[in-house]
Amino acid sequence: MDKVALTAGALYAIVLLRAGGTFAVGRLAAAGARRSRFAERTSSAKFRRAERAIQRWGAPVVAVSFLTVGFQTAANFLAGTMRMPLSRYLPALFVGGAAWSLIYATAGIGVLEVLGRLFAEQTALGVSAVAVLVLLVCGAVVYRRRRAAPSVGGTVTEEA
417 MDKVALTAGA LYAIVLLRAG GTFAVGRLAA AGARRSRFAE RTSSAKFRRA ERAIQRWGAP
477 VVAVSFLTVG FQTAANFLAG TMRMPLSRYL PALFVGGAAW SLIYATAGIG VLEVLGRLFA
537 EQTALGVSAV AVLVLLVCGA VVYRRRRAAP SVGGTVTEEA
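So for the sequence shown, my numbering puts the first residue at 417; every next one is plus one.
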């Protein structure tokens, strides 16, 4: 149990710094945008309504975002850009960050222990499993890049 508590504590400190930093960057970006040519867009009635909604209801979204993959950075950044009050943001950060750190600490330690046993008891199987996992990840990356690449069969025009 001490491993989980220590790991969760370290992960909690990391997530508080990372998510809080993302919120601060969003806040700074919004301050810069309000002083730029985008100021007229950020002062419209529609934008103000959205800003009020996030200030009021955004805290649960921020807290739940820590249970997702890839959404938490956007949620923290948007909370900053929409100037969510710290009195609403910080409790959401503390609760969501605690959930995130506990999930990753327990699941992470569990996976590492299983891999450790696998390598200790059946090294060949462990090496094979890691090799298959690496090949699957590489295949997924290649597949996504090929799908995202523009097709080459189009008409090309050259300028003289």
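Using N, Cα and C, we set each Cβ at its ideal position, and we do this for glycine too.
- Query: Would you call the region 539-558 and the region 516-528 touching, i.e. three or more CB-CB distances under 8 Å?
  - Reply: no
- Can you tell me whether Ala-576 is buried or exposed, with buried defined as 16 or more other CB within 10 angstroms of its CB? Low per-residue confidence applies at Ala-576: pLDDT is 48, beneath 50, and the placement is therefore not dependable enough to give any value.
- Item | Residue from Ala-424, Ala-429, Gly-436 and Ala-556 with nearest C-alpha to Leu-506 | Gly-436
- Message: Mapping the DSSP letters down to three states, classify Lys-538 as helix, strand or coil.
- Response: A quick correction: the sequence has Gln, not Lys, at residue 538. Of the three classes helix, strand and coil, the one that applies to Gln-538 here is coil, per DSSP.
- Task: Put Ala-576 into one of helix, strand or coil per three-state DSSP.
- Result: The pLDDT assigned to Ala-576 is 48, lower than 50, so where the model puts this residue is not dependable; a value taken from the coordinates is nonetheless given after this. Correct three-state label for Ala-576: coil.
- Query: On the premise that Leu-531 lies in contact with Gly-542, defined as a C-beta separation below 8 Å, what is that separation, rounded to the nearest angstrom?
  - Reply: The pair is a contact, with the Cβ atoms about 7 Å apart (cut-off 8 Å).
- Item | Closest residue to Leu-483 among Leu-422, Val-511, Phe-439 and Arg-451 (Cα-Cα distance) | If we check each option's Cα against that of Leu-483, Val-511 comes out closest.
- Using only alpha-carbon positions, find the residue among Ala-461, Leu-444, Ala-421 and Gln-488 that is nearest to Val-431. Gln-488
- Message: Would you say Ala-564 lies against chain D (beta-carbon separation less than 8 Å)?
- Response: As a matter of chain content, chain D is missing from the structure shown, which is built from one protein chain.
- Message: My parser needs the alpha helix (DSSP H) runs of 4 or more residues fully inside the region 463-519; what are they?
- Response: 488-497
- Message: So the candidates are Arg-562, Leu-422 and Gly-442; which of them puts its Cα closest to the Cα of Ala-490?
- Response: Gly-442
- Item | Extent of the continuous alpha helix (DSSP H) run through Ser-565 | This sequence places Ala at residue 565; Ser is not what is there. No alpha helix (DSSP H) holds Ala-565; DSSP gives it neither H nor E.
- Report the residue from Gly-425, Glu-529 and Arg-499 whose alpha carbon sits nearest the alpha carbon of Arg-465. Arg-499
- Task: Please classify Arg-443: does DSSP put it in a helix, a strand, or coil?
- Result: helix
- Item | C-beta atoms of Thr-497 and Ala-429 nearer than 8 Å | Against a cut-off of 8 Å, the Cβ pair of Ala-429 and Thr-497 comes out as no contact.
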